[in-house]
Amino acid sequence: MAGQFEATAEINRPVEEVFAFLAEGTNDPEFSPRVLRITKSPEGPTAVGTVFTSTVKDAGMKTGRQFRITEFEAPHRIRWAETSKNIVTADEGGYDLEATGPGTTRLRIFNVLEGHGIGKLLVGFALSAARKDATAFGQRIKAAVEAS
Numbered sequence: 001m002a003g004q005f006e007a008t009a010e011i012n013r014p015v016e017e018v019f020a021f022l023a024e025g026t027n028d029p030e031f032s033p034r035v036l037r038i039t040k041s042p043e044g045p046t047a048v049g050t051v052f053t054s055t056v057k058d059a060g061m062k063t064g065r066q067f068r069i070t071e072f073e074a075p076h077r078i079r080w081a082e083t084s085k086n087i088v089t090a091d092e093g094g095y096d097l098e099a100t101g102p103g104t105t106r107l108r109i110f111n112v113l114e115g116h117g118i119g120k121l122l123v124g125f126a127l128s129a130a131r132k133d134a135t136a137f138g139q140r141i142k143a144a145v146e147a148s
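Just so you know, we're using full-length UniProt numbering here: the sequence shown kicks off at 1 and counts up by one.
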């Protein structure tokens, strides 16, 4: 079973600033407490093919994650796919950004979660937790971007 969760947030920053903050990728720990560490390869500006490698803590377990940028259209769209082999992965995810006025941006984030092996039994729990936290997640992103 696969499923999607998403969140939206209205951010009091221009779309270009929001895009730049999110495109950096290594800012994720500022709004996602599950991300313990994250690196980007290669160094330099994010582009299609950039890989982010992270250590995350979910349900008390640390796992390694790798995401590859699959689409990158500044300042409105970023897409990624998880390439790591975990029991639950975000096979597809992304940010959509839209300028909603002078200095304001609407952000939509989504992830499509997929279970593998025993993860097929657990993906429903992961989706439920992600959906329950979605609004707060969007607000954490808003707070991080506005504080930067």
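Where a beta carbon is used, it is the ideal one built from N, C-alpha and C, also for glycine.
Only a predicted model underlies this, so the values are computations on that prediction, with no experimental measurement involved.
In its chain, beyond the 5 residues on either side, Ala7, Thr8, Ala9, Leu107 and Ile109 have a beta carbon closer than 8 Å to the beta carbon of Gly138. By the Cβ-count criterion, Arg37 is exposed, with fewer than 16 other Cβ atoms from all chains shown falling within 10 Å of its own Cβ. Put simply, the backbone Cα of Lys85 is about 8 Å away from that of Arg65. Close CB contacts of Ala20 within its chain, under the 8 Å cut and outside five residues either way in sequence, are with Pro75 (chain order). By the C-beta density criterion, Ser148 is exposed, having fewer than 16 other C-beta atoms within 10 angstroms.
Closest option to Leu122, judged by alpha-carbon separation, among Val88, Asn27 and Ala47: Val88. Secondary structure remark: continuous beta strand (DSSP E) runs of at least 3 residues inside the stretch 12-78, in chain order: 35-41, 51-58 and 61-73. In this structure, Val35 lies away from Pro42, with their beta-carbon atoms at least 8 Å apart. For Arg108, the beta-bridge partners assigned by DSSP are Thr8 and Asp96. Ala81 sits close to Arg68, with the two beta carbons spaced by under 8 Å. When rounded, the separation of the alpha-carbon atoms in Pro102 and Tyr95 is 20 Å. If you draw a straight line from the Cα of Asp91 to the Cα of Thr83, it comes to about 8 Å. With fewer than 16 other CB atoms across the displayed protein chains lying within 10 angstroms of its CB, Glu98 is exposed. Taking 8 Å as the cut-off, the beta carbon of Glu114 is found closer than this to the beta carbon of Ala2.
Close CB contacts of Thr100 within its chain, under the 6 Å cut and outside five residues either way in sequence, are with Arg106 (chain order). Around Glu146, the same chain offers Ile11, Asn12 and Arg13 as residues with beta carbons nearer than 8 Å, after the five sequence neighbours per side are excluded.
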